[in-house]
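Asker: Dropping a structure here in structure tokens format, bear with me for questions.
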Amino acid sequence: KAPFFLPLKKFTQKILHYRKTSIAKEFLSRVKETDVVKLIFDVQQNLGTPSRFILRLIRSFLEAYFSSFSNISNTTYQLLDVLEIEPKNLLKISSLIDSETLDELAKFFIAYYPPPPENERVIFEKGFRFLDKFMIEKKLKLMLVLDEFQAIKELERSMYKRESILGLMHGIISSTQNSWYMFTGSMVRLMTEIMEEADSPFYGRVERINVGGFTKEDMISLIYKAIDKPVSGEAIQWMWALTKGNPYYIVVISNQVTNFGINKKYIMKEDVERAFLESITNGDINSHCYYTYDLSVGKAKKANMLKEIMKSLAMGSATPTEIASSLGKDRGFISPYLRELLNLSLIEKTNGKYSITDPILKIWLAGVYGYVDPEIKRIRTKTDQHYKEAISSLKKQRGFFFESYVRELFRKFDGSSYGGVLLPKFNTVDQVNIYDKEGKIFGFPSNVEIDALCLGEENWICEIRYRNDLVTYRDISLLIKKKQFLEEYISEKIHRIVFISITGFTESALKEKSVWCIGLQELNKMFDMYKMRKIDLIRNPFYYE
Numbered sequence: 026k027a028p029f030f031l032p033l034k035k036f037t038q039k040i041l042h043y044r045k046t047s048i049a050k051e052f053l054s055r056v057k058e059t060d061v062v063k064l065i066f067d068v069q070q071n072l073g074t075p076s077r078f079i080l081r082l083i084r085s086f087l088e089a090y091f092s093s094f095s096n097i098s099n100t101t102y103q104l105l106d107v108l109e110i111e112p113k114n115l116l117k118i119s120s121l122i123d124s125e126t127l128d129e130l131a132k133f134f135i136a137y138y139p140p141p142p143e144n145e146r147v148i149f150e151k152g153f154r155f156l157d158k159f160m161i162e163k164k165l166k167l168m169l170v171l172d173e174f175q176a177i178k179e180l181e182r183s184m185y186k187r188e189s190i191l192g193l194m195h196g197i198i199s200s201t202q203n204s205w206y207m208f209t210g211s212m213v214r215l216m217t218e219i220m221e222e223a224d225s226p227f228y229g230r231v232e233r234i235n236v237g238g239f240t241k242e243d244m245i246s247l248i249y250k251a252i253d254k255p256v257s258g259e260a261i262q263w264m265w266a267l268t269k270g271n272p273y274y275i276v277v278i279s280n281q282v283t284n285f286g287i288n289k290k291y292i293m294k295e296d297v298e299r300a301f302l303e304s305i306t307n308g309d310i311n312s313h314c315y316y317t318y319d320l321s322v323g324k325a326k327k328a329n330m331l332k333e334i335m336k337s338l339a340m341g342s343a344t345p346t347e348i349a350s351s352l353g354k355d356r357g358f359i360s361p362y363l364r365e366l367l368n369l370s371l372i373e374k375t376n377g378k379y380s381i382t383d384p385i386l387k388i389w390l391a392g393v394y395g396y397v398d399p400e401i402k403r404i405r406t407k408t409d410q411h412y413k414e415a416i417s418s419l420k421k422q423r424g425f426f427f428e429s430y431v432r433e434l435f436r437k438f439d440g441s442s443y444g445g446v447l448l449p450k451f452n453t454v455d456q457v458n459i460y461d462k463e464g465k466i467f468g469f470p471s472n473v474e475i476d477a478l479c480l481g482e483e484n485w486i487c488e489i490r491y492r493n494d495l496v497t498y499r500d501i502s503l504l505i506k507k508k509q510f511l512e513e514y515i516s517e518k519i520h521r522i523v524f525i526s527i528t529g530f531t532e533s534a535l536k537e538k539s540v541w542c543i544g545l546q547e548l549n550k551m552f553d554m555y556k557m558r559k560i561d562l563i564r565n566p567f568y569y570e
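Quick note on this note's numbering: the sequence shown kicks off at 26 and runs consecutively.
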């Protein structure tokens with residue numbers, strides 16, 4: 026039931042740099058209709074018996090209604106504050122706002138609250154149906170977000186004969202006229218189970234929207250919403266390896282890094298690393314990890330053992346047998362705890378081994394949590410270890426390592442000459458990414474990637490192509506555009522434009538004399554000149570093998 030006309034799926038695709046609850050808040054804020062009561066209600070924080078839960082929901086609902094549509098006194102808010110103890114206050118409030126539906130509900134609660142277990146269902150149903158009835162009475166609409174919805178099944182513990190709370194809610198929601206619901210949850214496995222299992226009452230009735238990690242391209246675009254400077258390729262790669270595209274971490278680190286790179290021409294890996302270390306020890310990431318680990322896990326049964334398993338996995342992925350051995354327990358003993366952590370989406374299982382899902386939480390557990398004074402050196406070691414593990418997983422990406430190898434060649438230039446061209450000494454050689462807001466390069470706003478920006482005795486810009494197609498004149502023209510864009514952006518003159526291709530160039534491309542075109546044969550001569558291994562595309566395509 027959706028009496029609102031904002032395309033939710035399209036909306037979420039545009040604002041996924043928020044976390045799930047923030048997405049819900051932002052979505053509600055963008056609905057401009059004036060006849061809407063908007064409410065986000067945290068299921069997990071309001072658990073109890075079904076009757077207490079529904080009273081808490083009604084209290085929050087009435088507060089949301091009053092804040093938007095009724096100018097009431099502080100006395101009325103005080104009546105709401107103690108509603109859970111004095112449900113008869115509903116009768117006083119109903120007379121103040123002239124509501125027949127609230128008057129009916131108040132008399133029902135006075136007669137039946139608190140209920141015995143066999144009547145918990147009746148209280149819950151009556152209260153939940155009231156929300157839509159009240160909206161119809163007042164000719165308004167309700168947008169209700171039930172946050173951390175995976176916890177709703179906990180209410181069944183107090184239901185007579187463990188009646189299905191999901192079936193009850195589905196029956197009520199299906200008959201509403203003026204209400205719209207969004208369910209959000211951080212525990213993906215449990216949310217999938219209660220919404221999409223074949224025997225779920227909600228099966229096929231709810232649209233699923235995943236708030237997952239960003240692609241690398243989207244991550245770069247997000248970074249440039251916070252950092253208005255060129256960012257080195259190594260910094261981008263480091264951010265990607267560390268965050269796995271998690272939008273929350275990307276935003277936090279990007280916001281922090283702006284404070285450290287004010288006087289720099291472009292942002293380096295060390296700037297991003299410094300921002301991360303600051304945030305994980307004293308800033309927002311530290312607070313986030315503490316909440317995720319100490320509070321979220323702490324709410325689970327036998328939380329201490331769950332925490333011990335997490336600490337063990339912070340040292341690296343492990344099989345159940347290895348985990349049990351490290352804790353001095355039997356494998357059978359820890360199996361239910363591993364299932365619990367999987368349900369909490371805190372760990373994942375790959376090829377028989379368990380590991381912590383969140384790479385930053387893993388670093389935090391290994392280097393920050395439990396230490397009175399975290400040592401930056403220890404945290405940096407853990408961070409570098411994770412970064413190297415992530416980079417090693419890219420070995421099949423030949424282009425990535427080919428570009429890195431060519432940049433290493435440029436770093437060795439020492440003022441020698443090759444073929445009549447001076448090979449100047451460079452102070453910095455980095456891949457650089459710049460966000461082109463005005464669309465000067467491609468005709469629309471986009472990320473502009475420069476494979477090698479070399480700054481020093483001379484400034485060079487280089488495109489490095491590891492593809493089985495010839496470089497065309499169009500490719501050359503695009504690189505010239507990048508050079509002009511870069512000069513304007515960093516206020517530095519670029520003295521030479523270089524295009525390197527393992528496949529070669531078309532005749533039209535070679536006619537552009539302002540660009541130095543280097544093929545594989547010539548490139549290998551330069552590798553040999555600086556005693557670097559040559560590239561053999563047949564027998565030895567990778568320099569590291």
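No residue lacks a Cβ here, since even glycine has one placed at the ideal position from N, Cα and C. Since the structure is predicted, the reported quantities are computational estimates derived from the model, not experimental observations.
At a cut of 8 angstroms, does the segment 237–250 reach the segment 436–450 through at least three beta carbon pairs?
Answerer: no
Asker: Please determine, among F153, L156, K166, the residue with the shortest C-alpha to C-alpha distance to V56.
Answerer: Translated into the one-based positions of the sequence shown, residue 56 becomes position 31. The shortest Cα separation from V56 among F153, L156, K166 belongs to K166.
Asker: From E303, G270, I489, pick the residue whose C-alpha is nearest to that of P384; which is it?
Answerer: The residue given as residue 384 occupies position 359 in the sequence shown. Selected option, being the one with the closest Cα: G270.
Asker: Distance, Cα to Cα, I501 vs L434?
Answerer: As a first step, residue 501 must be located in the sequence shown, where it is residue number 476. As a first step, residue 434 must be located in the sequence shown, where it is residue number 409. I501 and L434: Cα-Cα distance of roughly 22 angstroms.
Asker: Under 8 angstroms by Cβ, that's how I've got D157 and S204 pegged, so tell me the actual separation to the nearest angstrom.
Answerer: Walking along the sequence shown from the start, residue 157 turns up at place 132. Walking along the sequence shown from the start, residue 204 turns up at place 179. With 8 angstroms as the limit, D157 and S204 qualify as a contact, their Cβ atoms being about 5 angstroms apart.
Asker: Using the beta-carbon count (16 or more within 10 Å), is V107 buried or exposed?
Answerer: If you number the sequence shown from 1, residue 107 lands on position 82. When all chains shown are included, V107 counts as exposed.
Asker: Measuring CA to CA, which of Y102, R403, T531, V61 is closest to F159?
Answerer: Locating residue 159 in the sequence shown gives position 134, counting from the first residue. In terms of CA proximity to F159, V61 leads the group Y102, R403, T531, V61.
Asker: Could you check where the beta strand (DSSP E) with D172 kicks off and where it finishes?
Answerer: To locate residue 172, count along the sequence shown from 1; it is residue 147. Following the DSSP letters along the chain, one finds D172 inside the beta strand (DSSP E) bounded by residues 166–172.
Asker: Identify whether N472 lies in helix, strand or coil by the three-state DSSP scheme.
Answerer: Here residue 472 corresponds to residue number 447 of the sequence shown, with the count starting at 1. N472 falls in the strand class under three-state DSSP.
Asker: State the Cα-Cα distance for the pair M557 and Y430, rounded to the nearest angstrom.
Answerer: For this step, residue 557 is matched to residue 532 along the sequence shown. For this step, residue 430 is matched to residue 405 along the sequence shown. Rounded to whole angstroms, M557 to Y430 spans 9 angstroms at the Cα level.
Asker: Starting from the C-beta of N493, find all residues in its chain whose C-beta is less than 7 angstroms away, skip the five residues before and the five after it, and write them out in chain order.
Answerer: Mapped onto the sequence shown, residue 493 falls at position 468. Result list for N493: T528, in chain order.
Asker: Count the other CB atoms within 10 Å of the CB of Q281; is the residue buried (16 or more) or exposed (fewer)?
Answerer: Translated into positions along the sequence shown, residue 281 becomes position 256. So Q281 ends up on the buried side.
Asker: Quick one: Cα of E51 to Cα of K45, how far?
Answerer: Your numbering for residue 51 matches position 26 in the sequence shown. Your numbering for residue 45 matches position 20 in the sequence shown. Straight-line Cα distance between these residues: approximately 10 angstroms.
Asker: Can you check which of these residues, T59, F66, K374, is closest to S47 by C-alpha distance?
Answerer: Working through the sequence shown from its first residue, we reach residue 47 at position 22. That would be F66, whose Cα lies nearest to the Cα of S47.
Asker: By how many angstroms is the C-alpha of A131 removed from the C-alpha of K164?
Answerer: The sequence position of residue 164 within the sequence shown is 139, counting from 1. The sequence position of residue 131 within the sequence shown is 106, counting from 1. Answer to the nearest angstrom: the Cα atoms are 20 angstroms apart.
Asker: Please list the terminal residues of the continuous beta strand (DSSP E) segment that includes V276.
Answerer: Taking the sequence shown and counting its residues from 1, one reaches residue 276 at position 251. First-last for V276: 272–282, but that is the alpha helix (DSSP H), not the beta strand (DSSP E).
Asker: Using only the alpha-carbon positions, how far apart do C487 and Y555 sit?
Answerer: Sequence index remark: in the sequence shown, residue 487 carries index 462 (1-based). Sequence index remark: in the sequence shown, residue 555 carries index 530 (1-based). Approximately 19 angstroms, taken between the alpha carbons.
Asker: Going by Cα to Cα distance, which pick from M330, S200, H195 is closest to F208?
Answerer: Counted from its first residue, the sequence shown places residue 208 at position 183. For F208, the nearest C-alpha among the options comes from H195.
Asker: Could you spell out where the beta strand (DSSP E) holding S429 opens and where it closes?
Answerer: Counted from its first residue, the sequence shown places residue 429 at position 404. Here S429 belongs to no beta strand (DSSP E); instead the alpha helix (DSSP H) covers 423–437.
Asker: For my contact list, S533 and Y498 are in at a C-beta cut-off of 8 angstroms; report their separation, rounded to the angstrom.
Answerer: As a working mapping, residue 533 is identified with position 508 in the sequence shown. As a working mapping, residue 498 is identified with position 473 in the sequence shown. About 4 angstroms; that satisfies the 8 angstroms criterion.
Asker: What residue does the beta strand (DSSP E) around F227 start on, and which one ends it?
Answerer: Here the question's residue 227 lines up with position 202 in the sequence shown. Run containing F227: none; DSSP gives neither H nor E here.
Asker: According to the Cβ coordinates, are L116 and M212 closer than 7 angstroms?
Answerer: Mapped onto the sequence shown, residue 116 falls at position 91. Mapped onto the sequence shown, residue 212 falls at position 187. Going by C-beta atoms, L116 is not nearer than 7 angstroms to M212.
Asker: Run through the segment 306–355 for me and flag every whole alpha helix (DSSP H) of 4 or more residues, listed as ranges in chain order.
Answerer: 309–315, 328–338, 345–352
Asker: Go to E188, then tell me how far its alpha helix (DSSP H) extends in each direction, as first and last residue.
Answerer: In the sequence shown, counting from the first residue as 1, residue 188 sits at position 163. For E188, there is no enclosing alpha helix (DSSP H), as DSSP gives it neither H nor E.
Asker: Round the Cβ separation of A328 and S337 to the nearest angstrom and send it over; I've been treating them as touching at under 8 angstroms.
Answerer: One-based indexing of the sequence shown puts residue 328 at position 303. One-based indexing of the sequence shown puts residue 337 at position 312. Contact flag wrong, Cβ pair sits at about 15 angstroms.
Asker: Can you tell me the Cα-Cα spacing of P226 and N114, whole angstroms?
Answerer: Here residue 226 is taken as the residue at index 201 of the sequence shown, counted from 1. Here residue 114 is taken as the residue at index 89 of the sequence shown, counted from 1. Each residue's Cα considered, the two are about 34 angstroms apart.
Asker: In this structure, what does DSSP give as the bridge partners for I381?
Answerer: Stepping through the sequence shown from its first residue, residue 381 is reached at position 356. Per DSSP, I372.
Asker: Give the DSSP-derived three-state secondary structure of K420 in the structure shown.
Answerer: Working through the sequence shown from its first residue, we reach residue 420 at position 395. In this prediction, K420 scores a pLDDT of 49, lower than 50, which makes its location untrustworthy; the coordinate-derived value is nonetheless stated afterwards. Here K420 sits in coil by DSSP.
Asker: On a Cα-Cα basis, can you pick out the residue from K506, G424, W485 that is closest to I560?
Answerer: By 1-based counting over the sequence shown, the position of residue 560 is 535. Residue G424 is the option with its Cα nearest to I560.
Asker: For T346, which option in A339, L363, L331, K332 has the closest C-alpha, if you only look at C-alpha atoms?
Answerer: Here the question's residue 346 lines up with position 321 in the sequence shown. For the residues A339, L363, L331, K332, the minimum Cα distance to T346 belongs to L363.
Asker: Between S351, Y394, L331, Y396, which has its C-alpha nearest E365's C-alpha?
Answerer: Taking the sequence shown and counting its residues from 1, the one referred to as residue 365 is at position 340. Of the candidates S351, Y394, L331, Y396, the one whose C-alpha sits nearest the C-alpha of E365 is L331.
Asker: When the Cβ atoms of the segment 135–152 are set against those of the segment 181–201, are three or more pairs found closer than 8 angstroms?
Answerer: yes
Asker: Specify the secondary structure class of L267 as computed by DSSP and reduced to three states.
Answerer: As a position in the sequence shown, residue 267 is number 242, starting the count at 1. When DSSP states are grouped into helix, strand and coil, L267 belongs to the helix group.
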